[in-house]
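Asks: The following block contains the structure, expressed as structure tokens.
Residue numbers (the numbering used here): 1 to 101.
So, in structure tokens, the structure goes:
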């Protein structure tokens, strides 16, 4: 998992930011059940493969840590696609927030 800290945000507020970032990226939020977990799905453009993202939110001193994991549903090699999904989400969160670390 890779992650960032959203400074000054409680987990519920961070969750809203993450769900909004997922929507801006054109991805699908599948399960936004407990406040500390989000499951999203990315459908690849050409072959329509579906990749799963698991996002974990945890309170830390001064904010909320957002950790992201991405996994392909099919095949052994993803050619870096899952790493790109993680970086895209973290970049989107950074672009909309002045207080990330």
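Note that beta-carbon positions come from the ideal geometry of N, C-alpha and C, so glycine has one too.
From what residue to what residue does the alpha helix (DSSP H) around residue 84 run?
Replies: Run containing residue 84: 81 to 95, per the alpha helix (DSSP H) assignment.
Asks: Between the alpha carbons of residue 84 and residue 72, how many angstroms are there, rounded?
Replies: In a straight line, the C-alpha of residue 84 is about 12 Å away from that of residue 72.
Asks: Using a threshold of 9 Å, state whether the C-beta atoms of residue 15 and residue 57 are closer than that.
Replies: Yes, Cβ-Cβ distance for residue 15 and residue 57 is below 9 Å.
Asks: Quick check: the Cα distance between residue 68 and residue 50, rounded to an integer number of angstroms?
Replies: Those two C-alpha atoms are separated by around 16 Å.
Asks: Using a Cβ-Cβ cutoff of less than 6 Å, which residues in the same chain neighbour residue 9 once the five nearest sequence positions on both sides are dropped?
Replies: Cβ neighbours of residue 9 beyond the five flanking positions: 63 and 64.
Asks: Beta-carbon separation of residue 43 and residue 81 under 9 Å?
Replies: Not in contact: residue 43 and residue 81 (Cβ atoms no closer than 9 Å).
Asks: Going by beta carbon distance, what residues of the same chain come within less than 8 Å of residue 5, once the five residues before and after it are set aside?
Replies: The residues are 60, 62, 63, 64, 65, 66, 100 and 101.
Asks: Mind listing, in chain order, the continuous beta strand (DSSP E) runs of no fewer than 3 residues lying wholly within the stretch 2 to 71?
Replies: Those beta strand (DSSP E) runs which fall completely within the stretch 2 to 71 and span 3+ residues are 2 to 7, 28 to 31, 37 to 43 and 50 to 60.
Asks: Alpha carbon to alpha carbon, how far is residue 53 from residue 74? Give it in angstroms, no decimals.
Replies: Spanning the two alpha carbons is a distance of roughly 14 Å.
Asks: Rounding to the nearest angstrom, what Cα-Cα distance links residue 27 and residue 41 in this structure?
Replies: Rounded to the nearest angstrom, the two C-alpha atoms are 6 Å apart.
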